[in-house]
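In full-length UniProt numbering, the protein residues as written are 1 to 455. Even glycine gets a Cβ: it sits at the ideal position worked out from N, Cα and C. Please read these numbers as outputs of a predicted model, since none were measured by experiment. Remarks on the structure that follows.
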């Protein structure tokens, strides 16, 4: 009887000269990476978890690897807002912060070391092996449906998830892919698809996190083909609405919010590359994919099982070590496939009629000239005696009246926003997500301004 392995290597790379990443214009070999990891491990204090706040993706990758090798927990809050970090520090008094730039909160700091330029020959260190059951990361939900919650991930679950994703996307066979990501590595999607794919998915990680279309184009031009762009609907929409010409892409991966089919079709047409969408949750990690231009149904990763539980669905098996309740409305279509209808908290009921926030926002974003927008159903203390939807819209050059007129042609009158508020930008996280608390603060701020003008 063959015993299952109790550990897994830090990376599938074995040749010291093998390129593992692209760092500031130059390839970074396995030997250099292992030397970098050893240098960071030497920084660690005697005890305490590590908040990895590195903005450079390669720095984050090295920091995560160093923590995993040393048996230290990497803590990944969804935001680095001052109050969030203060609350986290109160819960974890021995928390340290690894950063490569200034950090807004006075935590005990570990400054990421300056890396050698590659001229110095690094000793060929062995690739460390890490117990599969070792907890290596505490990841927090984004707060889009309430208070952020913490979820612990083991090395085994992250490795198994990366290998399953690589197989589903076809990265595990053929040439090695270059990976450029617009999403932060601190988010579950970014951790799985822009970091772990570099360790266990045969993808070469680009160190940057390009945001503007020109920066994305520059990052793509700096790495060889085949190229994979890991992004979100917000970043993808910005790229497609710009006049920037991007170097050839070979695949696009998108997640963090519902992707309208029209946007997916435009992306494949403009970028001349297949677009794949990933569905997952912080609680479970990635669990399914689809190509939205060809199929509205999602296909589970191998080994995963969806089971009905009361009014919800639970996913377990495969890389999901602890059964996780999904907060979305799911319609099974056979044992491996399902249709996604949005979050359970996404459904709104106005005057006896039901719709979803996702559908309403798709109609808003389809209006020419609307750059970004979000619908919000306020709490009772803000909504007053009659609950009315609010919409926050970024639309330079358009008036609120013209947007309302366009919405009347698309929506039942009961779902027209009251009020419709024009803003310069929405308070999105780096992933593109919008926490409920941020929308509530935006509405509260507007209510106070209106009250002050009429007081």
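- Message: Comparing C-alpha positions only, which one of 365, 377, 413 sits nearest to residue 237?
- Response: 365
- Message: Less than 6 Å between C-beta atoms, sequence neighbours within five positions excluded: which residues of the same chain meet that for residue 383?
- Response: Summary for residue 383: the model assigns pLDDT 43, below 50, so the residue's position carries little reliability; its value from the coordinates is reported in the next sentence. Correct list: empty, nothing qualifies.
- Since residue 153 sits in a beta bridge, which residues does DSSP pair it with? Partner(s): 137.
- Query: Where do the ends of the alpha helix (DSSP H) carrying residue 91 lie?
  - Reply: 82–91
- Message: For a quick check, are the C-beta atoms of residue 69 and residue 85 less than 8 Å apart?
- Response: no
- Query: When DSSP builds the beta bridges, which residues end up paired with residue 298?
  - Reply: 338
- Message: Taking only three categories from DSSP, how would you classify residue 206?
- Response: strand
- Message: For a minimum of 4 consecutive residues, which ranges assigned as the alpha helix (DSSP H) are wholly contained in the region 350–377?
- Response: Qualifying alpha helix (DSSP H) stretches, in chain order: 357–365.
- Query: Applying the criterion that 16 or more other CB atoms from any shown protein chain within 10 Å of the CB defines a buried residue, is residue 308 buried or exposed?
  - Reply: Classification for residue 308: exposed.
- Under the assumption that residue 162 contacts residue 197 (Cβ atoms under 8 Å), give the Cβ distance between them as a whole number of angstroms. 6 Å
- Query: Where residue 201 and residue 229 are concerned, what is the direct C-alpha to C-alpha distance, given to the nearest angstrom?
  - Reply: 15 Å
- Report back the beta-carbon spacing between residue 338 and residue 168 to the nearest angstrom; my notes put them in contact at under 8 Å. Actually they are not in contact, since the Cβ atoms of residue 338 and residue 168 sit about 16 Å apart, beyond 8 Å.
- Query: Do you know how far the Cα of residue 444 is from the Cα of residue 287?
  - Reply: Those two C-alpha atoms are separated by around 36 Å.
- Can you name the start and end residues of the beta strand (DSSP E) that residue 405 belongs to? Residue 405 -> not in any beta strand (DSSP E); alpha helix (DSSP H) instead, spanning 400–408.
- Task: Please confirm whether residue 208 and residue 219 have their CB atoms less than 8 Å apart.
- Result: yes
- Message: Give me, in chain order, the residues of the same chain whose beta-carbon lies closer than 6 Å to that of residue 268; leave out the 5 immediate sequence neighbours on both sides.
- Response: 275, 293
- Message: Here's the rule: buried if 16 or more other CB atoms are within 10 angstroms of the residue's CB, otherwise exposed. What is residue 413?
- Response: exposed
- Message: Which of the three DSSP states is assigned to residue 326 in this structure?
- Response: strand
- Report the residue from 203, 424, 375, 11 whose alpha carbon sits nearest the alpha carbon of residue 33. Nearest to residue 33 by C-alpha distance, out of 203, 424, 375, 11, is 11.
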